[in-house]
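What follows is one structure encoded as structure tokens, with my remarks underneath.
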Amino acid sequence: MHAYNMIFEEDVGAAITKACELDSDSDAVHLARAAQIVRRHMFGEAKPFNGFHQECQEESVPSLLLGLVNMVLEGPSINDQIADISPAALTIAQLLRFNSFKHKRVHNATTSLTEMHSTSQESPVPLYMGMMLHAHTRNRELVDRLLHLGLSIFYDRVLRLLV
């Protein structure tokens, strides 16, 4: 941007600088609007998890969220979005839903992660991760580490599901 300022008169350079700033602002506005739309679908459209069956992963996330994640990963081709959703997009979309909150929460020393994740936002991936890790290790610390990374449900929830 500084090269433009050197080539053009002050007014033109300032105008180009301002246009570039507006472009960044415009991108931010578009991203905020996209986030608003996706969040509306995340909290309104997706079905609660009701067991592991053939289509459980696809059903656990809104198609709009899944399409957006797939576009970010593979490019914004509308035709390809309908045909093939990558496993990575499906996993990321589930983790986004699991780690999203309707309202921003204030975290303090007394707020634990177990209070942060809602069972209504659970999807197959974090459930599977917690249950699989528990089945193989029975190690609360490992399940809690994945919980802190946003990859698993909390250990006590795993135990309740296994009873």
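In the working numbering, the protein residues as written are 8 to 170. For every residue, glycine included, the Cβ atom is placed at its ideal position computed from N, Cα and C. Since this is a predicted model, take the numbers as computed values, not measurements.
**Prompt:** Start and end of the alpha helix (DSSP H) containing N77?
**Reply:** Translated into positions along the sequence shown, residue 77 becomes position 70. Where N77 is concerned, the enclosing alpha helix (DSSP H) stretches over 70-81.
**Asked** What do you reckon, are the CB atoms on F50 and P131 nearer than 8 Å?
**Response** Indexing the sequence shown from 1 puts residue 50 at position 43. Indexing the sequence shown from 1 puts residue 131 at position 124. The answer is no: Cβ separation not under 8 Å.
**Message:** Closest to A100 by C-alpha separation, out of M139, P83, V45, G82, would be which residue?
**Reply:** Position 93 of the sequence shown, counting from 1, holds the residue named residue 100. Of M139, P83, V45, G82, the residue nearest in Cα terms is V45.
**Nearest candidate by alpha-carbon position, reference L71, set H124, H37, Q43** = Position 64 of the sequence shown, counted from the first residue, corresponds to residue 71. Of H124, H37, Q43, the residue nearest in Cα terms is Q43.
**Alpha-carbon spacing of K109 relative to M136, whole angstroms** = Counting from 1 along the sequence shown, the entry for residue 109 is found at position 102. Counting from 1 along the sequence shown, the entry for residue 136 is found at position 129. Each residue's alpha carbon lies about 24 Å from the other.
**Asked** At what residues does the alpha helix (DSSP H) containing G58 begin and finish?
**Response** Along the sequence shown, one-based indexing puts residue 58 at 51. Per DSSP, G58 belongs to no alpha helix (DSSP H) and is neither H nor E.
**Sufficient close CB pairs (3 or more, under 8 Å) joining the stretch 136-152 to the stretch 67-84** = no
**Request:** Assuming L169 and I160 form a contact by the criterion Cβ under 8 Å, report the distance between their Cβ atoms to the nearest whole angstrom.
**Result:** Reading the sequence shown from its first residue, position 162 is the one you call residue 169. Reading the sequence shown from its first residue, position 153 is the one you call residue 160. Going by Cβ atoms, the distance from L169 to I160 rounds to 12 Å, so no, they are not a contact pair.
**Prompt:** Looking at the structure shown, is L134 part of a helix, part of a strand, or coil, going by DSSP?
**Reply:** Locating residue 134 in the sequence shown gives position 127, where the first residue counts as 1. In the structure shown, L134 sits in a helix (DSSP, three-state: H, G or I).
**Request:** Specify, as a first and last residue, the run of the alpha helix (DSSP H) that H155 falls within.
**Result:** Mapped onto the sequence shown, residue 155 falls at position 148. Taken as a continuous stretch (DSSP letters only), the alpha helix (DSSP H) holding H155 covers 147-155.
**Asked** When we look at the beta-carbon of P94 and count the other beta-carbons within 10 Å, is it buried (16 or more) or exposed?
**Response** Here residue 94 is taken as the residue at index 87 of the sequence shown, counted from 1. Exposed is the call here.
**Message:** If distances are taken between C-alpha atoms only, which option among R152, E62, R104, T126 comes closest to R167?
**Reply:** Numbered from its first residue, the sequence shown carries residue 167 at position 160. Of the listed residues, the one whose Cα sits closest to R167 is T126.
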